[in-house]
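Participant: Residue numbers (the numbering used here): 16 to 382.
Have a look at this one before I ask anything.
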C-alpha cells in the first residue's frame, strides 16, 4: 500500500527543503556578494520558482494525472527512469553536503572535543532510524519540529528588537547594485531549487487535487522564513560580520539577551533547528533508497544502512576540512545543483505532456 502524506505535511517538507540547510551559512555568501541589499534575494527568487511550479502543475485540477508516477514495481517509461537517476544524484550530493555541514557545525559549536568521525556515525545512525520508517513518519516528525521552528523564527525579530540597526540595510538598492544582486540570486537558485523534491513524492499526497496550492504555500513559507533570517543577519550583525562569520545565523541568535540569567537562548534555538535538519537529511536518505528500490522493483530497506554509512564516510573523506566543504557549498554546488534541478524540471515537463497524451488517447480508443 502506498504511503500517504497530507498537504499540510507537504507544506512543511517543502519549507524545510528551502530553509533548514540554507540558514547555516548561505547568508554568508549571499551577503558577501549582494552586501546590504542581499535581503532582496529571496523576494527576487520567489516569482521565478512560482512560475516553474505553475508550469509543472498546469491548469487547476490537473494534478490527478500524477497519481501513478514513479510507482515501485510498475514498468516505467525512459523519462521516468531518467528523472529517478537525476533525483538519485541530486539527493546524493545534497546528503553529503548537508550531513557534513551538520557534523561541522556540531563539532565547532556544540561538541568541539568529540571526534568528527564519531559525530558522523552517530548522526548517520539517527538518519537511518528515521528514514527506514518511510515518508509518512518523516513527514510527521518534520511537521512537529518545523512548526516549532516557525514559531521561533517569527519571534526572533522581537527577541532581537534592541539589537536592530536599520542603518545596516542602507544605502537602498540602485542600478549599481543590480549586478551584485543578480549574482546573489543565482547563488540562491540551487538552494531554493531543492523544493523540486516534491516531484518525487507528489503521488503520495492526499488529496492530490490540492497539491499545487500546498507546494506554492510551502515555497512561500520557506522563502519568507529565510527572508526574516537574512534581514536579521544584516540589520543586527552588519555586512562585515556576516561575511566573515562561519555561522552567521548562530552568531545572530547569540545576540539574544533578555535578562542576566537568560543569555544562552542560542542553545535552545539550536536544539529546535537540529531535528529539522535531521528530518531533511533523513528524507534525502529515503529518496536515495527509493531510487534504488525503483530499479530493484521492490520496496525494500536493505540498501539503506550500507548506503547511508558509505555516504557518511564520504562526507568526511571528500572534504579535508570545513573550508573545502564551504567552498563546494558556495561555488561548485551552484552550477551542479542548477544543472541537476533544471534537467529534472525539463524532463518532468516532457513526462507530464506524455502522460496527458496517454489519458487523452484512452477515451478515443474506448470509443
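Glycine included, C-beta positions come from ideal geometry on N, C-alpha and C.
#1: Compare the beta carbon distance of residue 237 and residue 29 with 8 Å and say whether it is the shorter of the two.
#2: Assuming residue 262 and residue 120 form a contact by the criterion Cβ under 8 Å, report the distance between their Cβ atoms to the nearest whole angstrom.
#3: For the stretch 164-176 and the stretch 307-314, state whether three or more C-beta atom pairs, one from each stretch, are separated by less than 8 Å.
#4: Could you pull out every residue in the same chain whose Cβ sits closer than 6 Å to the Cβ of residue 33, ignoring the five residues on either side in sequence?
#5: Could you pull out every residue in the same chain whose Cβ sits closer than 7 Å to the Cβ of residue 44, ignoring the five residues on either side in sequence?
#6: Can you find the residues in the same chain that come closer than 6 Å, C-beta to C-beta, to residue 298, ignoring five residues on each side of it along the sequence?
#7: If I measure Cβ to Cβ from residue 180 and keep anything under 8 Å in the same chain, skipping five residues before and after, which residues do I get?
#8: So if DSSP puts residue 220 in a beta bridge, which residue, or which two residues, is it bridged to?
#9: State the start and end residues of the unbroken alpha helix (DSSP H) segment that holds residue 255.
#10: Closest to residue 166 by C-alpha separation, out of 104, 244, 185, would be which residue?
#11: If you count every other CB in all the chains shown that lies within 10 Å of the CB of residue 264, and 16 or more means buried, which is it?
#12: Would you say residue 359 and residue 102 are within 8 Å of each other, going by their C-beta atoms?
#13: Using alpha carbons as the reference points, say which of 214, 234, 339 lies closest to residue 106.
#14: Return the CA-CA distance between residue 270 and residue 248, expressed in angstroms with no decimal places.
#15: Are the stretch 301-310 and the stretch 141-158 touching by the rule of at least three beta carbon pairs closer than 8 Å?
#16: Going by DSSP, what residue range makes up the alpha helix (DSSP H) through residue 287?
#17: With DSSP as the reference, label residue 366 as helix, strand or coil.
#18: Quick check on the DSSP output: the alpha helix (DSSP H) that includes residue 49 runs from which residue to which?
#19: Excluding sequence positions up to five away, which residues of its chain have a Cβ less than 6 Å from the Cβ of residue 382?
#20: Going by the CB atoms, is the gap between residue 225 and residue 22 shorter than 8 Å?
#21: Assign residue 356 to buried or exposed, taking buried as 16 or more other Cβ atoms, counted over all protein chains shown, within 10 Å of its Cβ.
#22: Tell me, to the nearest whole angstrom, how far the beta carbon of residue 431 is from that of residue 287; I am working on the premise that it is less than 8 Å.
#23: Along the alpha helix (DSSP H) that carries residue 56, what are the first and last residues, could you check?
#24: Please classify residue 83: is it buried, with 16 or more other beta-carbons within 10 angstroms of its beta-carbon, or exposed?
#25: Give me the Cβ distance between residue 136 and residue 327, rounded to the nearest whole Å; I'm assuming they're in contact under 8 Å.
#26: Starting from residue 265, trace the alpha helix (DSSP H) in both directions and tell me its first and last residue.
Facilitator: Reading from the atomic positions:
#1: Working through the chain shown from its first residue, we reach residue 237 at position 222. Working through the chain shown from its first residue, we reach residue 29 at position 14. Their beta carbons are under 8 Å apart, which means residue 237 touches residue 29 by this criterion.
#2: The residue given as residue 262 occupies position 247 in the chain shown. The residue given as residue 120 occupies position 105 in the chain shown. So it is a contact: roughly 6 Å between Cβ atoms.
#3: no
#4: As a first step, residue 33 must be located in the chain shown, where it is residue number 18. Same-chain partners within the cutoff: 207, 210, 237.
#5: What you label residue 44 is simply residue 29 of the chain shown in a count that begins at 1. Same-chain partners within the cutoff: 202, 345.
#6: In the chain shown, residue 298 corresponds to position 283, counting from 1. So the qualifying residues of the chain are 153.
#7: Sequence index remark: in the chain shown, residue 180 carries index 165 (1-based). Hits under 8 Å: 250, 251, 253.
#8: Start at 1 with the first residue of the chain shown, and residue 220 comes out as number 205. In DSSP, residue 220 forms a bridge with 20.
#9: Position 240 of the chain shown, counted from the first residue, corresponds to residue 255. Segment 254-259, the alpha helix (DSSP H) holding residue 255.
#10: Against the chain shown, residue 166 aligns to sequence position 151. Ranking 104, 244, 185 by Cα distance to residue 166 puts 244 first.
#11: Here residue 264 corresponds to residue number 249 of the chain shown, with the count starting at 1. Flag for residue 264 reads buried.
#12: Position 344 of the chain shown holds residue 359. Position 87 of the chain shown holds residue 102. Yes, they are a contact pair.
#13: For the purposes of this step, residue 106 is identified with residue 91 of the chain shown, where counting begins at 1. The shortest Cα separation from residue 106 among 214, 234, 339 belongs to 214.
#14: What you label residue 270 is simply residue 255 of the chain shown in a count that begins at 1. What you label residue 248 is simply residue 233 of the chain shown in a count that begins at 1. The alpha-carbon atoms of residue 270 and residue 248 are separated by roughly 11 Å.
#15: yes
#16: Within the chain shown, the letter at position 272 stands for residue 287. Start and end: 280-311.
#17: Numbered from its first residue, the chain shown carries residue 366 at position 351. In the structure shown, residue 366 sits in a helix (DSSP, three-state: H, G or I).
#18: The count along the chain shown starts at 1 and reaches residue 49 at position 34. Secondary structure note for residue 49: its alpha helix (DSSP H) is the uninterrupted segment 37-49.
#19: Position 367 of the chain shown, counted from the start, is the residue given in the question as residue 382. Reliability of the predicted coordinates at residue 382 is poor, the pLDDT of 47 falling under 50, and the value obtained from them is presented with this limitation in mind. Take residue 382, set aside five residues on each side of it, and no residue of its chain has a beta-carbon closer than 6 Å to its own.
#20: What you label residue 22 is simply residue 7 of the chain shown in a count that begins at 1. What you label residue 225 is simply residue 210 of the chain shown in a count that begins at 1. It is a contact, given that the beta carbons lie within the stated cut-off.
#21: Residue 356 sits at position 341 when you count from the first residue of the chain shown. By the neighbour-count rule (16 or more Cβ atoms within 10 Å), residue 356 is buried.
#22: Look at the range of the chain in this structure, 16 to 382, and you will see that residue 431 is not part of it.
#23: On the chain shown, residue 56 is found 41 positions in, with the first residue counted as 1. Counting along the chain, the alpha helix (DSSP H) containing residue 56 begins and ends at 56-72.
#24: Counted from its first residue, the chain shown places residue 83 at position 68. Label assigned to residue 83: exposed.
#25: Mapped onto the chain shown, residue 136 falls at position 121. Mapped onto the chain shown, residue 327 falls at position 312. With 8 Å as the limit, residue 136 and residue 327 qualify as a contact, their Cβ atoms being about 7 Å apart.
#26: Along the chain shown, one-based indexing puts residue 265 at 250. 263-269 is the span of the alpha helix (DSSP H), which, as asked, contains residue 265.
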